[in-house]
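Following this note's numbering, the numbering of the sequence shown begins with 601 at its first residue and continues without gaps.
Written out below as C-alpha cells is the structure these notes cover.
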Amino acid sequence: MQDGVATVTPSIVFCGELLVLKEINMPTYLKSSLWLLLLGVNIASAEDLPMLNAKFETSQCAIPCKKPVKREWVMMRDQQQVELRDIGANHSDLWQVQADGSLDYVYLMHPEKRAIDYSTVDLRLLGIAAEEKKWQTLTQLVTQDELAALQKTPGKLYKNMPTEIYRGKVSQVNTEVIWLPELRIPLQVQYRSPERIVTVKLVQRFEQKLPVEKTTEALLQQYQHVDFTDIGDMEHDQNATAWLALAKSAPGVHVHHHVSHEHDHHE
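Below, the structure written as C-alpha cells:
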C-alpha cells in the first residue's frame, strides 16, 4: 500500500494503504486505521516535517512466533509529499498534500514510465482516506492521537538524538513506540495482539545516495499520466490493457477491468 480494504488496529501504511501495512491486519496488517485526529501533543503541520529518506523493515509473526515474515521499504519524505516503495519493487506510491489538507495520490510504474493519477474524490469513492489524519499516518507511521493515548517516558539517545518511549494500548492492542522527536518518526513501532506481533523499525537513514531513485517533480513530468477516471474508457485499447495488467496493486484498476469485461460478456 488497499485502504478502504482493511479493518482492524493501529495504523501504519504504505501505499494508499497499499504499502507499508498492506499485508497485515491485526489479523491483517496495519490496514485499519485509527486515523487519529489531531488532539494534544504538539501537533505539527506539513511545514514542520523535516525531510527524511530512510529504509524501514516491517515484520509480522503469528504467535507463537517461529518464522517472521519481513519486508523492507523506503520512505522519501518532503514537506509536501511522501513516496513509499518496497525494496526491489518496480512501482511506488506518491502522496501529495494540498493547501486545504486533502491528498492526491499517484501510482508510479517506473520501468514503463507510467503514472495513474487519483484525485481526492477518486480516493474517497474507493474508500481510501485522503485527509490530514491519513497524511500523519503516511509520513509519521503513527499519529499524534495514538501517542497521546499512550504513557510517555524518556528513552535512550539514538545517534545523539533523544528518544521518547510510548507504551499502552491502541484499540485494545498492546503498543510500544520508540519516537524520535527530531525526525518526527518512530525508531520502532510494535503492536502485540493475542494472535500476532507486528514490528516496524527504522533500519537506515540516507543522507546522500538512495537505494532507489526518488521521484522529483522534474522526473514526474517525464512519465505518461492517465487519470484514474479515464481507465474505464481504455479497456479496448490493447496497448493500454498491456501496461494496465502490470498495475496489479493500483487501487481500483482491476475492478475497472473486471467490470468492463462483465459488461462485454452481458452484451
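C-beta atoms are modelled at their ideal positions from N, C-alpha and C, and glycine is treated no differently.
Bear in mind that the values here come from a model prediction, so they are computed numbers and not experimental data.
- Cβ-Cβ distances below 8 Å link GLN698 to ASP704 and THR720 in the same chain, with the five nearest sequence neighbours on each side left out; the list follows chain order.
- PRO786 counts as buried, since no fewer than 16 other beta carbons sit within 10 angstroms of its beta carbon.
- Secondary structure of PHE656 (DSSP, three-state): strand.
- Residue VAL789 holds the alpha-carbon nearest to the alpha-carbon of THR743 among GLU712, LYS713, VAL789 and GLY727.
- Within its own chain, the residues whose Cβ lies closer than 6 Å to the Cβ of THR658, once the five positions on either side in sequence are excluded, are ARG671 and VAL800, listed in chain order.
- In the DSSP assignment, GLN744 falls within the alpha helix (DSSP H) that extends over 744-748.
- Taking C-beta atoms as the reference points, GLU746 and GLY701 fail to come closer than 8 Å.
- Judged by beta-carbon spacing, VAL798 lies within the 8 Å limit of GLN660, meaning their Cβ atoms are closer than that value.
- Per DSSP, the continuous beta strand (DSSP E) segment holding GLN751 begins and ends at 751-754.
- Pairing LYS655 with VAL674 gives a Cβ-Cβ distance under 8 Å.
- In this chain, the beta strand (DSSP E) harbouring VAL826 covers 824-827.
- For GLU731, the secondary structure class from DSSP, reduced to helix, strand or coil, is coil.
- Counting along the chain, the unbroken alpha helix (DSSP H) around GLU817 starts and ends at 817-820.
- In this structure, LYS713 keeps its C-beta atom at 8 Å or more from the C-beta atom of GLN821.
- Beta-bridge analysis with DSSP links ASN774 to LYS769 and ARG792.
- Taking C-beta separations shorter than 7 Å and ignoring five residues to either side along the sequence, the partners of PRO650 in its chain run LEU783 and ARG784, following chain order.
- ASP693 is classed as buried because its beta carbon has at least 16 other beta carbons within 10 Å across all chains shown.
- Listed as beta-bridge partners of ASP693 by DSSP are LEU684 and TYR707.
- Short of 6 Å from the beta carbon of VAL669, and not among the five residues preceding or following it, lie these beta carbons of its own chain, in chain order: GLN660.
- Straight-line measurement puts the Cα of ARG796 at about 8 Å from the Cα of CYS665.
- From the listed residues ARG685, MET709, ALA662 and LEU652, the smallest Cα separation to LEU846 is found for MET709.
- Going by beta carbons, GLY755 and ILE778 fall inside the 8 Å limit.
- Per DSSP, the unbroken alpha helix (DSSP H) holding ASP722 starts and ends at 720-725.
- The residues TRP673, VAL674, SER692 and VAL812, in chain order, have a CB closer than 7 Å to that of ARG685 in the same chain once the five nearest residues on each side in sequence are set aside.
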